[in-house]
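Residue numbers (the numbering used here): 65 to 451.
For glycine and all other residues, C-beta sits at the position ideal for the given N, C-alpha and C.
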Ligand SMILES: Cc1ncc(COP(=O)(O)O)c(C=O)c1O
């Protein structure tokens, strides 16, 4: 794991555990962004983009390589939300179509479901969790068997809990039922191996700024060649389509139909650098290191009498959530911050498809990355113990 640790950014005084919010970009990523901005300052944005065009093109290859897709199946966009929205709003829904989703769905995605319900008359149904707290595959199978499911849209790793939903099992069922499968991989990209062929998803959305350690304001969408012809982008500009004459246009033949012309070139080059670093380190190694640290953190927190680890699921990510009896999460986050430990407050109360009465309204979210050290984990546990 030497190389994983060697990638540790210079943050000696603070132990940084908000990787599910925004992970720390590496020196290489930051340098890539700054170098391009400096080039823009010298020669202007258009010429700088021309000079970087081969490298920008290679970001598609890098993103495709990360998830075992083809570069033509990648659209570079400004966030996971925009990637997800472009995919979702491209689906030509009909009244009565069923959308199946998870209890832990991200609020922006849930809002889009409700919007589609109002706009097209689709039905939105929430698949329950199993008794381990991950999406229940048997319930999903039964719900699919009732027919009429146009879309299964779930998050791989939610924002408020450490659970990893069983993406490949969900994909197998969705494919068997002839439903589209849209996977929100915002929190899993960069910490878990992702293979769209193995998972069986048709659409997948990714952000740059979280576990991938890319710049903010970057993301990408995967749209499989298989489903591309059936998708009608909700927005077109002169990147997404060609204006052929006064009356006609042609969509880009590939996933670039979901892009917009104007781009944060520096950010996207940084995203490419971040993806290349993650691929170079290896998804399996990253996952192993993140799991090891997260297990250590959960074990340590569990030894503190009045602390409850809130993560569910048979498989867990680096996102570790906990509460302490009688203390507000916000107060704990503040206390940890003052001790030089950066964590975040997460709000399960905002996941409104999760109607369990016993869920905590707020949790402390300490999301470990491979660059965290065992000593930082001890510091986090000791600080929580001492607060
Ligand atoms: C599961 C999940 N999906 C989507 C998003 C949205 O990501 P972005 O803000 O980068 O668009 C988040 C952000 O926290 C998330 O946790």
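In DSSP terms, what residue i is bridged to
i, result
"residue 438", "According to DSSP, residue 438 bridges with nothing at all."
"residue 224", "According to DSSP, residue 224 bridges with nothing at all."
"residue 275", "Answer is none; residue 275 lacks a bridge partner."
"residue 357", "According to DSSP, residue 357 bridges with nothing at all."
"residue 314", "306"
"residue 217", "165, 246"
"residue 82", "431"
"residue 280", "Residue 280 pairs with nothing; no bridge assigned."
"residue 386", "373, 428"
"residue 138", "286"
"residue 268", "247, 286"
"residue 405", "79"
"residue 391", "388"
"residue 256", "253"
"residue 380", "227"
Where the beta strand (DSSP E) through residue i begins and ends
i, result
"residue 119", "That residue, residue 119, is in no beta strand (DSSP E); its alpha helix (DSSP H) goes 117-131."
"residue 286", "283-287"
"residue 240", "Element bounds for residue 240: not the beta strand (DSSP E) but the alpha helix (DSSP H), 231-240."
"residue 408", "408-410"
"residue 189", "187-191"
"residue 174", "Premise fails: residue 174 lies in the alpha helix (DSSP H), 171-184, not in any beta strand (DSSP E)."
Residue i vs residue j beta-carbon contact at 8 angstroms
i, j, result
"residue 316", "residue 330", "no"
"residue 286", "residue 155", "no"
"residue 198", "residue 351", "no"
"residue 234", "residue 213", "no"
"residue 258", "residue 244", "no"
"residue 96", "residue 334", "yes"
"residue 402", "residue 426", "no"
"residue 430", "residue 384", "yes"
"residue 365", "residue 448", "yes"
"residue 319", "residue 136", "yes"
"residue 357", "residue 120", "no"
"residue 246", "residue 322", "no"
"residue 144", "residue 278", "no"
"residue 436", "residue 81", "yes"
"residue 168", "residue 415", "yes"
"residue 227", "residue 353", "no"
"residue 92", "residue 343", "no"
"residue 218", "residue 249", "no"
"residue 374", "residue 424", "yes"
"residue 386", "residue 174", "no"
"residue 272", "residue 338", "yes"
"residue 201", "residue 230", "yes"
"residue 264", "residue 241", "no"
"residue 79", "residue 306", "no"
Contact test: residue i Cβ vs ligand 3 heavy atom, cutoff 7 angstroms
i, result
"residue 98", "As far as ligands go, the structure on display features ligand 1 and does not contain ligand 3."
Start and end residues, alpha helix (DSSP H) containing residue i
i, result
"residue 105", "91-107"
"residue 263", "260-263"
"residue 202", "201-209"
"residue 87", "Here residue 87 belongs to no alpha helix (DSSP H), and DSSP marks it neither H nor E."
"residue 151", "144-152"
"residue 331", "329-345"
Original post:
Can you list, in chain order, every residue whose CB sits closer than 5 angstroms to a heavy atom of ligand 1?
Top reply: 143, 144, 145, 170, 219, 223, 248, 250, 251, 271
**OP:** Decide if the region 219-226 is in contact with the region 409-417; the criterion is three or more beta carbon pairs, one per stretch, under 8 angstroms apart.
**Re:** Yes, the region 219-226 is in contact with the region 409-417.
Original post:
Taking one C-beta from the region 295-303 and one from the region 114-121 each time, how about it: are there three or more such pairs within less than 8 angstroms?
Top reply: no
Original post:
Using 8 angstroms as the threshold, is the region 199-210 in touch with the region 157-166, meaning 3 or more CB pairs across them?
Top reply: yes
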